[in-house]
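Novice:
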Amino acid sequence: MFRLVYTEIPVVLLYKANIGKSWRWYGGAGPYAGIGITANTKSDSDDWEDRKIQFTSENQDSYILKAFKRMDYGLNAVLGVEKDNIQVGVNYSYGLMRILPEGNNPDIGKAYNRTLALTVGYWFGE
């Protein structure tokens with residue numbers, strides 16, 4: 007199992023509208039850019055030890071543990087509701103860049119980042 011940690015920086019155009027007197031919904035979409043922070047492999051098998059993955063920026067045809075790309079980009083969508091100072095939403099990121107270059111270990115296939123997140127927020131002040 008691969009554990010890849012990326013930080014995403016989204017640029018989202020939001021639309022907000024009222025639902026009654028105190029509720030509002032919001033939705034939006036836009037691009038994101040991501041950068042790989044850390045990565046490793048995890049296995050339950052005794053035949054394979056856990057290892058740290060080194061990122062690369064090249065389309066190199068090398069061993070799988072040095073083949074994941076550090077940079078990523080894609081599309082981001084958000085949808086949620088607000089009531090008073092509380093906000094609850096859902097976020098989905100759809101990676102467009104192959105983070106595992108073509109030709110590197112065909113057994114794994116194509117690899118893209120996909121993220122589904124639930125957000126809960128509280129606005130301090132007015």
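Taking the numbering used here, the leading residue of the sequence shown gets 7, the next gets one more, and so forth. For glycine and all other residues, C-beta sits at the position ideal for the given N, C-alpha and C. Everything numeric in this text was worked out from a predicted model, so none of it was measured.
(1) Give me the Cα-Cα distance between residue 15 and residue 24, rounded to the nearest whole angstrom.
(2) Just grab the DSSP bridge partners of residue 80 for me.
(3) Quick one: grab the DSSP three-state call for residue 129.
(4) Assuming residue 102 and residue 79 are in contact, meaning their beta carbons sit under 8 Å apart, how far apart are those beta carbons, in whole angstroms?
(5) For the beta strand (DSSP E) holding residue 21, just list the boundary residues, first then last.
(6) Kindly list the residues whose CB is nearer than 8 Å to the CB of residue 37, restricted to its own chain and excluding five residues on each side of it in sequence; keep chain order.
(7) Can you check which of these residues, 119, 21 and 92, is closest to residue 28 by C-alpha distance?
(8) How is residue 93 classed by DSSP in three states: helix, strand or coil?
(9) So, is residue 94 buried or exposed, given that buried needs 16 or more other C-beta atoms within 10 angstroms?
Specialist: Quick look at the numbers:
(1) 28 Å
(2) 38 and 101
(3) Residue 129: coil per DSSP, three-state reduction.
(4) 6 Å
(5) 19-25
(6) 16, 17, 79, 80, 81 and 82, listed in sequence order.
(7) 92
(8) strand
(9) exposed
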